[in-house]
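Residue numbers (our numbering), protein chains in the order written: chain A, 1 to 264; chain B, 1001 to 1264; chain C, 2001 to 2264; chain D, 3001 to 3264.
Protein chains: 4
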Amino acid sequence: MPDKLTEVIEELALANRILAHEGVLDAFGHVSVRHPHDPNRYLLPRSRSPLLIEPDDILEYTLDSEPVKPPKVHLYAERVIHGGIFLARSDVMAVCHHHAPAVLPFCIAGKPIEPVFHLGAVIGEHTPFWDQHDEFGDTNLLVVKHEEAASLARALGQHSAVLMNRHGATVVGGSLKELVSRAIFMCQNAEYQLRALALGTPDRLRPGEIRLAGAISLMPTVVTRTWEYWSMRLAASGALPPRRKAAKAAPIRAAARRKAKRKR
Amino acid sequence: MPDKLTEVIEELALANRILAHEGVLDAFGHVSVRHPHDPNRYLLPRSRSPLLIEPDDILEYTLDSEPVKPPKVHLYAERVIHGGIFLARSDVMAVCHHHAPAVLPFCIAGKPIEPVFHLGAVIGEHTPFWDQHDEFGDTNLLVVKHEEAASLARALGQHSAVLMNRHGATVVGGSLKELVSRAIFMCQNAEYQLRALALGTPDRLRPGEIRLAGAISLMPTVVTRTWEYWSMRLAASGALPPRRKAAKAAPIRAAARRKAKRKR
Amino acid sequence: MPDKLTEVIEELALANRILAHEGVLDAFGHVSVRHPHDPNRYLLPRSRSPLLIEPDDILEYTLDSEPVKPPKVHLYAERVIHGGIFLARSDVMAVCHHHAPAVLPFCIAGKPIEPVFHLGAVIGEHTPFWDQHDEFGDTNLLVVKHEEAASLARALGQHSAVLMNRHGATVVGGSLKELVSRAIFMCQNAEYQLRALALGTPDRLRPGEIRLAGAISLMPTVVTRTWEYWSMRLAASGALPPRRKAAKAAPIRAAARRKAKRKR
Amino acid sequence: MPDKLTEVIEELALANRILAHEGVLDAFGHVSVRHPHDPNRYLLPRSRSPLLIEPDDILEYTLDSEPVKPPKVHLYAERVIHGGIFLARSDVMAVCHHHAPAVLPFCIAGKPIEPVFHLGAVIGEHTPFWDQHDEFGDTNLLVVKHEEAASLARALGQHSAVLMNRHGATVVGGSLKELVSRAIFMCQNAEYQLRALALGTPDRLRPGEIRLAGAISLMPTVVTRTWEYWSMRLAASGALPPRRKAAKAAPIRAAARRKAKRKR
């Protein structure tokens, strides 16, 4: 009997490793997902590099980015990014903050990433910028305060991603798999856009094309194909995450569920 | 007793994986071959990333891109590209559609790929462009209708490849091995052409050189050498495809063939 | 009972391999650490490529860059770089000299690397240049004389790194782990800075941001996270160094220490 | 008792694989060495990709590039390059012809590779160009005729390498290990030179620096270090060549040697 929470936790561990293996995340960056049973909670790993995340590293947070249980481990300093966005955007089910090499040049030059091929349309017509200095002056550029996270969420608005000057990007998705696709295709788009500049003027997708092609990564054939591909590449590198242990909690919960069923 | 169809199917699975391993294909892209016994049929895998294709994933299609047997699996949305080209070009025995990183900048900047080194001559003197928007207006840029495929085939004309604006490329070959070589050398050519631009003006091969050097990849020493090399690289990565199972169908077909022989 | 010297020697072997695996070092380059018990000594491997360094390759040197024991192995020709800097900078605990591909273009074009993203702030506000030709005329560009090393140390001054024209870079750290982070983030910064130039004008961190963000790599969460990540990546490649043997010396030294303790 | 010829043959197989693994050679390119016992002969593998070369693939040729024994295998079409250079340059002990990605942009743009860092000095002050079209008009750009090879050798002159327009490069060495170093450092130099151009004007080594630094790769510490490093990297990838079999010839030769010894 598959447990929805366990399934989501294992998928989140896998998503962390896929995004690291595909070059979106490195020592840094983090991925979260909204809690499957409670929209006022989200799941995010303890402070650890994404390629190494195991299901048992994943903690539950309130939307204030407070851990639900007193933590015995280090937490990501920038966890407020996730809470801030889940709070501001009820449609968002998953968030990724990263410093991908493909995206950094745009964050440094302050030049927009624009959809230049069909899969790049997943980022939408416009990707806003957010410069932490504008509102908060000199900082270490980490987003660690609630007001910084709220400001970032405002800059994100209804868009799919926000570029953070001299820092990185934050990407959102209506599901974890959508997020993973968007983050990967956004990096590919950035890479091709930069290289096309060496040849001439990149040709941007038209608004109608962006609207239509933006949905490709949600096509069932595409979701199935990309998830299998990225998982198999990860598996071939020997880096698939282990299954969730958390053995002590599970039986109790299962028993409680059986009890609840009998009562109905 | 080697079965020609099985041989072709296994070679097609291998070609898919070689092109993925050499960086031409990624989560997307597909490779087909004309049926060895029936020029009005072609073979193309079910919807799956090329690096993962097994012989048993390969289906038979009519030139209308209809599967010969009712499929129990997802099909590539863009399979009409293959049917459209096999229909229009009786000399073409194999087709590859891809979004290779080396080629995308040219598709985005709208700048032609031109043969700039001897192996690049396999693309021929001229590689045309096809912009789906010209004829079909706003689309998601996928080639999914027969008329889109027919239009693409017209743009391809008698050339070896066609660049698809803001999308990718489609390459053809007189044999599967020729196709694989052409697709790989075209990517190398594109990469070197782009990098040469940083130094000055790339020196294009002369028409006579293109004609003469275009045949190199068909030299027996070269076909043997490249196929062994790409296969061994794939094998070293642990990604060689399994052999064809299809065990239930094969004996029957073999029996039918023996029967047919005795009757003659 | 962990022996501090053994611990440092094993960490130095690991640091060598991490920096090689992360693309800072290749066939060349070297990493040293100040002796944990004697600030007038330093530890540096015998002449060997950093990816292959084992704890038993590591030798003890005076600050004159003379091996403490008569060596039976080849020594790095450029070991004076390490002695020269440990002599000039009592705050420096670790030194790395390298020819990283990300940094070389800056050493060749004579253009400064400037902090363009938060992690790049570890290099500080300014990275000086040192051209061996200025003071020493035509050489083979290797730093092999004490006066060359002293000149390089003067150019380094109180900075975190010095770029060596037509040669490479030398980076220092207040600890071995700080050095490793700085060397890796400096390469990433250089890479992103160069690529951002293709888009427009890179946006430099403000002095206050450099001061604040420069400390990120010393945050406990960050040190733990990066060291685990780089070690695991190295482990996944099968290249973790072996443990220190040196079995004959250790018991004696341990016995001497016990004796010394009892005497107090 | 080591047999000099076997040693050279095994080293040549290793050199082929090292140069392939380090990105100088791919499906194409070839490496030869002058025969250790007869300066009028050279050793070159049968037509096969360099990463796959085994000692038993290696054949003996006259300086006319005729195989000494009637071959049962395909030969490299361009073997005349090797004979032509060994004939023209008695100081040359090893030759490599390649199409390295780092070098191709220079061959395509017709811009010289110039020593821009100390290790790049191995190419010497000047690297000439040779355009096959100048003397031979339209060809497939392969060097297959004796007069083409002689023309190429004239262009090479007393230099260490020659760039072949729209084709690749040919590099020579006073020993096989010197050749391997030169080919690898030349590629690194080309890569850094191209990238430095994005920052400004690359700073060329001065003539005196080129003379002095050009000898670094022949320093014993350097030869030992680089050969161990490249071999270990190759070994880690699982691609070390097997030992020479040639079992039938060896015992006879060993017996003859024992006999000869007893007679003395």
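Glycine included, each C-beta is placed from N, C-alpha and C at the ideal position.
Neighbourhood of R2258 (chain C) by C-beta, 6 Å cutoff - its chain only, sequence neighbours within 5 removed: The residue you call residue 2258 (chain C) lines up with position 258 of the third sequence. The predicted model places R2258 (chain C) with a pLDDT of 49, which falls under 50 and marks its position as unreliable, so this point remains unresolved.
Euclidean distance between Cα positions of G2137 (chain C) and L2059 (chain C): Position 137 of the third sequence, counted from the first residue, corresponds to residue 2137 (chain C). Position 59 of the third sequence, counted from the first residue, corresponds to residue 2059 (chain C). Cα to Cα, the separation comes out at about 32 Å.
Distance CB(C3187 (chain D))-CB(A3077 (chain D)) smaller than 9 Å: As a position in the fourth sequence, residue 3187 (chain D) is number 187, starting the count at 1. As a position in the fourth sequence, residue 3077 (chain D) is number 77, starting the count at 1. Contact flag unset, no.
Own chain residues within Cβ distance below 8 Å of W3130 (chain D), not counting five before or after: Within the fourth sequence, numbered from 1, the residue matching residue 3130 (chain D) stands at position 130. Result list for W3130 (chain D): S3151, L3152, A3155, L3156, V3162, L3163, M3164 and N3165, in chain order.
Same chain, Cβ closer than 6 Å to G84 (chain A), neighbours up to 5 away in sequence not counted: For this step, residue 84 (chain A) is matched to residue 84 along the first sequence. The answer, listed in chain order, is A149, A150 and A153.
Neighbourhood of R3079 (chain D) by C-beta distance below 7 Å, restricted to the same chain and skipping five residues each side: Along the fourth sequence, read from residue 1 onward, the residue named residue 3079 (chain D) stands at position 79. Around R3079 (chain D): L3044, Y3061 and S3065.
Simplified DSSP state of E3114 (chain D), which is helix, strand or coil: Here residue 3114 (chain D) corresponds to residue number 114 of the fourth sequence, with the count starting at 1. It is coil, neither helix nor strand.
Under 8 Å (Cβ pairs) to chain B, residues found in the region 3099-3111 of chain D: H3099, P3101, L3104, P3105, F3106, C3107, I3108, A3109, G3110 and K3111
Residue range of the alpha helix (DSSP H) that includes M232 (chain A): One-based indexing of the first sequence puts residue 232 (chain A) at position 232. Residues P220 to A236.
Where the beta strand (DSSP E) containing I58 (chain A) begins and where it ends: Here residue 58 (chain A) is taken as the residue at index 58 of the first sequence, counted from 1. First-last of the beta strand (DSSP E) with I58 (chain A): I58 to T62.
Those runs of the beta strand (DSSP E) which lie wholly inside the region 35-109 of chain A and span at least 3 residues: 41-45, 58-62 and 94-98
Secondary structure of H2133 (chain C), DSSP reduced to three states: The count along the third sequence starts at 1 and reaches residue 2133 (chain C) at position 133. In this structure, H2133 (chain C) counts as helix in the three-state DSSP scheme.
Near-chain B residues of the region 77-90 of chain A - C-beta to any C-beta below 9 Å: none
Interface flag, R1206 (chain B) vs chain D, CB-CB below 9 Å: The residue given as residue 1206 (chain B) occupies position 206 in the second sequence. Interface residue, yes.
Under 9 Å between C-beta atoms of E209 (chain A) and H118 (chain A): For the purposes of this step, residue 209 (chain A) is identified with residue 209 of the first sequence, where counting begins at 1. For the purposes of this step, residue 118 (chain A) is identified with residue 118 of the first sequence, where counting begins at 1. Yes, they are a contact pair.
Any C-beta of chain A under 9 Å from that of N1165 (chain B): Counting from one through the second sequence, the residue named residue 1165 (chain B) turns up at place 165. Output row for N1165 (chain B): interface = yes.
Residues near P3112 (chain D) by beta carbon distance below 8 Å, same chain, minus five either side: By one-based count along the fourth sequence, residue 3112 (chain D) stands at place 112. Within the same chain, P3112 (chain D) has close Cβ partners F3106, H3126, T3127, F3129 and L3163.
Neighbourhood of P1067 (chain B) by C-beta distance below 8 Å, restricted to the same chain and skipping five residues each side: The residue labelled residue 1067 (chain B) in the question sits at position 67 within the second sequence. Counting only Cβ-Cβ distances below 8 Å, and skipping sequence neighbours, we find L1059, E1060, Y1061 and L1075.
Within-9 Å CB hit, L2014 (chain C) to chain A: Translated into the one-based positions of the third sequence, residue 2014 (chain C) becomes position 14. No, no contact with chain A.
Length of the line joining the Cα atoms of G3168 (chain D) and I3108 (chain D): Position 168 of the fourth sequence, counted from the start, is the residue given in the question as residue 3168 (chain D). Position 108 of the fourth sequence, counted from the start, is the residue given in the question as residue 3108 (chain D). The alpha-carbon atoms of G3168 (chain D) and I3108 (chain D) are separated by roughly 9 Å.
Backbone CA spacing between I9 (chain A) and L141 (chain A) [nearest angstrom]: Residue mapping note: residue 9 (chain A) aligns to position 9 of the first sequence, counting from 1. Residue mapping note: residue 141 (chain A) aligns to position 141 of the first sequence, counting from 1. Using only the alpha carbons, I get a separation of about 29 Å.
In DSSP terms, what G1120 (chain B) is bridged to: Numbered from 1 along the second sequence, position 120 holds the residue referred to as residue 1120 (chain B). Answer is none; G1120 (chain B) lacks a bridge partner.
C-alpha gap between F3028 (chain D) and R1195 (chain B), whole angstroms: As a first step, residue 3028 (chain D) must be located in the fourth sequence, where it is residue number 28. As a first step, residue 1195 (chain B) must be located in the second sequence, where it is residue number 195. In a straight line, the C-alpha of F3028 (chain D) is about 20 Å away from that of R1195 (chain B).
Cβ of T1062 (chain B) within 9 Å of any chain D Cβ: Along the second sequence, read from residue 1 onward, the residue named residue 1062 (chain B) stands at position 62. It does not; no Cβ of chain D falls within 9 Å.
For A161 (chain A), the first and last residue of its enclosing alpha helix (DSSP H): Locating residue 161 (chain A) in the first sequence gives position 161, counting from the first residue. First-last for A161 (chain A): A161 to M164, but that is the beta strand (DSSP E), not the alpha helix (DSSP H).
Pick from A:K4, A:D3, A:A13 and A:V24 that is closest to S181 (chain A), judged by C-alpha positions: The residue labelled residue 181 (chain A) in the question sits at position 181 within the first sequence. S181 (chain A) has its Cα closest to that of A:V24, out of A:K4, A:D3, A:A13 and A:V24.
Residue of C:V2103, C:S2049, C:E2147 and C:L2205 minimising C-alpha distance to G110 (chain A): Locating residue 110 (chain A) in the first sequence gives position 110, where the first residue counts as 1. With distances taken between Cα atoms, G110 (chain A) lies closest to C:L2205.
Interface flag, H159 (chain A) vs chain B, CB-CB below 9 Å: Locating residue 159 (chain A) in the first sequence gives position 159, where the first residue counts as 1. Cβ-Cβ to chain B under 9 Å: no for H159 (chain A).
Amino acids of chain D, ordered along the chain, whose beta-carbon sits closer than 7 Å to that of G1268 (chain B): With chain B running from 1001 to 1264 in the structure shown, residue 1268 (chain B) is simply not present.
Buried versus exposed, by CB contacts within 10 Å (16 or more), V73 (chain A): Sequence index remark: in the first sequence, residue 73 (chain A) carries index 73 (1-based). With fewer than 16 Cβ atoms within 10 Å of its Cβ, V73 (chain A) is classed as exposed.
Buried or exposed by the 16-neighbour rule on C-beta atoms within 10 Å, applied to D134 (chain A): Counting from one through the first sequence, the residue named residue 134 (chain A) turns up at place 134. Result: exposed.
Inter-residue spacing [alpha-carbon to alpha-carbon] between C1096 (chain B) and L1063 (chain B): Position 96 of the second sequence holds residue 1096 (chain B). Position 63 of the second sequence holds residue 1063 (chain B). Near 16 Å, if we compare the C-alpha coordinates of L1063 (chain B) and C1096 (chain B).
Cβ of H2074 (chain C) within 9 Å of any chain A Cβ: On the third sequence, position 74 is the one that residue 2074 (chain C) refers to. Cβ-Cβ to chain A under 9 Å: no for H2074 (chain C).
DSSP three-state assignment for A3247 (chain D), whether helix, strand or coil: Taking the first residue of the fourth sequence as 1, we reach residue 3247 (chain D) at position 247. Caution applies to A3247 (chain D), whose pLDDT of 48 falls short of 50 and renders its modelled position unreliable; the value that the coordinates give is listed next. Correct three-state label for A3247 (chain D): coil.
For G2173 (chain C), the residue or residues it bridges with in DSSP: Indexing the third sequence from 1 puts residue 2173 (chain C) at position 173. For G2173 (chain C), which the question treats as bridged, DSSP gives the partners C:A2094.
Between the CA atoms of I2081 (chain C) and A2020 (chain C) - distance to the nearest angstrom: The residue you call residue 2020 (chain C) lines up with position 20 of the third sequence. The residue you call residue 2081 (chain C) lines up with position 81 of the third sequence. Approximately 19 Å, taken between the alpha carbons.
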